[in-house]
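A.B. asks: Once you know that position 127 of the sequence shown is 127 in the UniProt record's numbering, the rest is easy, because the numbers rise by one and skip nothing.
My questions all concern the structure below.
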Amino acid sequence: MRKKKIGIVLAGGGARGFAHLGVLKALEEKGIRADLISAVSAGSIVGAFIAAGKKPEEIMEIMKENDFFDYAKVTLPINGLMSLDNLNKNLEEHLEAEKISELKIPLYIAASNLVTGKIKYFKEGDLSKIVQASSSIPVLFSPVEIEGDLYVDGGLLDNLPVEPLKDQSDLIIAINIMPIEKTRKLDNLVEIAVRTFQLSVNRDQEKIKNAVDLFIEPEGLEEYHILDTKHADKLFDLGYKHTRKMDINF
Numbered sequence: 001m002r003k004k005k006i007g008i009v010l011a012g013g014g015a016r017g018f019a020h021l022g023v024l025k026a027l028e029e030k031g032i033r034a035d036l037i038s039a040v041s042a043g044s045i046v047g048a049f050i051a052a053g054k055k056p057e058e059i060m061e062i063m064k065e066n067d068f069f070d071y072a073k074v075t076l077p078i079n080g081l082m083s084l085d086n087l088n089k090n091l092e093e094h095l096e097a098e099k100i101s102e103l104k105i106p107l108y109i110a111a112s113n114l115v116t117g118k119i120k121y122f123k124e125g126d127l128s129k130i131v132q133a134s135s136s137i138p139v140l141f142s143p144v145e146i147e148g149d150l151y152v153d154g155g156l157l158d159n160l161p162v163e164p165l166k167d168q169s170d171l172i173i174a175i176n177i178m179p180i181e182k183t184r185k186l187d188n189l190v191e192i193a194v195r196t197f198q199l200s201v202n203r204d205q206e207k208i209k210n211a212v213d214l215f216i217e218p219e220g221l222e223e224y225h226i227l228d229t230k231h232a233d234k235l236f237d238l239g240y241k242h243t244r245k246m247d248i249n250f
């Protein structure tokens, strides 16, 4: 009997990306591994490492030691928007693959094209630059130029990029880490931009739930701000424990 091809979708969610690693570790322990990956924003950072053949625990250590999700460690270029150049450098330092096509597992990375207003699912090209583009939350971070067009966070148009996997996977697992967090004071530009972005990326949740074979959304994620990197271990454990408890039969 032919082995079923499993596609895994990794949503964006800023520092909550650590929860992806816990979920993926639990899935591995259940014998479930990705044959294809489609990812966006924080999910694309995790997805790049998984597609390179690294284990969730190994990725966790690399990301903690190098502040991968620390959006405070950014640079302020001339145009007044923050830049994720540090993310680009970190990826180049810790991943052998320079191109998406060089990865061990096929990976699609979603980014929003500001020129055309459409989502693009990259399956080839400069890996670190495309991940940077996919992770650049609009208004906060500078767009990234790729082949003459400007790109920002793919979550703006598709925070659970199922589409590239539909015709290539027998089973699709979508991991969502972007439930809307509890209301806080919205008293500065960053908080307002983040809240607006969260509302935008959650608009198609129910439709996506019905389009996949397994939808995983760890409980309690809404307690953690997407820009707060102080809770890496808690987020990992939250994703791991939630998934370990699930009865999954493929």
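Yeah, the Cβ is synthetic: ideal placement off N, Cα and C, and Gly gets one too.
Residues in its own chain within less than 6 Å of Ala111 by CB, not counting five upstream and five downstream?
C.D. replies: Here residue 111 corresponds to residue number 111 of the sequence shown, with the count starting at 1. Correct list, in chain order: Lys120, Ala133, Ser134, Tyr151 and Gly154.
A.B. asks: Determine the direct distance from the alpha carbon of Ala232 to that of Ile100, and round the result to whole angstroms.
C.D. replies: For this step, residue 100 is matched to residue 100 along the sequence shown. For this step, residue 232 is matched to residue 232 along the sequence shown. Using only the alpha carbons, I get a separation of about 26 Å.
A.B. asks: Under 7 Å, do Ala15 and Ile175 count as touching if we go by C-beta distance?
C.D. replies: Position 15 of the sequence shown, counting from 1, holds the residue named residue 15. Position 175 of the sequence shown, counting from 1, holds the residue named residue 175. No, they are not a contact pair.
A.B. asks: With distances taken between CB atoms, is the gap from Pro138 to Leu157 smaller than 7 Å?
C.D. replies: On the sequence shown, position 138 is the one that residue 138 refers to. On the sequence shown, position 157 is the one that residue 157 refers to. In this structure, Leu157 does not lie closer than 7 Å to Pro138 by Cβ.
A.B. asks: Would Leu87 and Ser136 be called neighbours here (beta carbons separated by less than 7 Å)?
C.D. replies: Mapped onto the sequence shown, residue 87 falls at position 87. Mapped onto the sequence shown, residue 136 falls at position 136. The answer is no: Cβ separation not under 7 Å.
A.B. asks: Hey, how far is the Cα of residue 280 from the Cα of Ile130?
C.D. replies: Because the chain spans 1 through 250 in this model, residue 280 falls outside it and cannot be assessed.
A.B. asks: Could you say which of Gly148, Ser169, Tyr108 and Leu165 lies nearest to Leu114 if we only look at CA atoms?
C.D. replies: Position 114 of the sequence shown holds residue 114. For Leu114, the nearest C-alpha among the options comes from Gly148.
A.B. asks: Distance, Cα to Cα, Thr116 vs Pro143?
C.D. replies: As a first step, residue 116 must be located in the sequence shown, where it is residue number 116. As a first step, residue 143 must be located in the sequence shown, where it is residue number 143. Whole-angstrom Cα-Cα distance: 14 Å.
A.B. asks: Here's a check: name, in chain order, each residue in its chain whose Cβ is nearer than 6 Å to the Cβ of Tyr108, leaving out the five neighbours to either side.
C.D. replies: In the sequence shown, the residue the question calls residue 108 occupies position 108. Only Ser38, Tyr121, Lys123 and Pro164 meet the Cβ criterion.
A.B. asks: Taking the Cβ atom as the reference point for each residue, do Leu160 and Ala19 lie within a distance shorter than 7 Å?
C.D. replies: Within the sequence shown, the letter at position 160 stands for residue 160. Within the sequence shown, the letter at position 19 stands for residue 19. No, Cβ-Cβ distance for Leu160 and Ala19 is not below 7 Å.
A.B. asks: Measure how close the beta-carbons of Ile177 and Ala11 come, nearest whole angstrom, since I'm counting them as under 8 Å.
C.D. replies: Here the question's residue 177 lines up with position 177 in the sequence shown. Here the question's residue 11 lines up with position 11 in the sequence shown. Going by Cβ atoms, the distance from Ile177 to Ala11 rounds to 5 Å, so yes, they are a contact pair.
A.B. asks: Compare the C-alpha of Lys230 against each of Gly17, Leu214, Lys118 and Val46 and name the closest.
C.D. replies: Walking along the sequence shown from the start, residue 230 turns up at place 230. Closest by alpha carbon: Gly17.
A.B. asks: For Ile6, which beta-bridge partners are listed by DSSP?
C.D. replies: Residue mapping note: residue 6 aligns to position 6 of the sequence shown, counting from 1. Partner(s): Leu171.
A.B. asks: Identify the residues that DSSP records as bridge partners of Val144: which are they?
C.D. replies: Translated into positions along the sequence shown, residue 144 becomes position 144. Val144 pairs with Tyr151.
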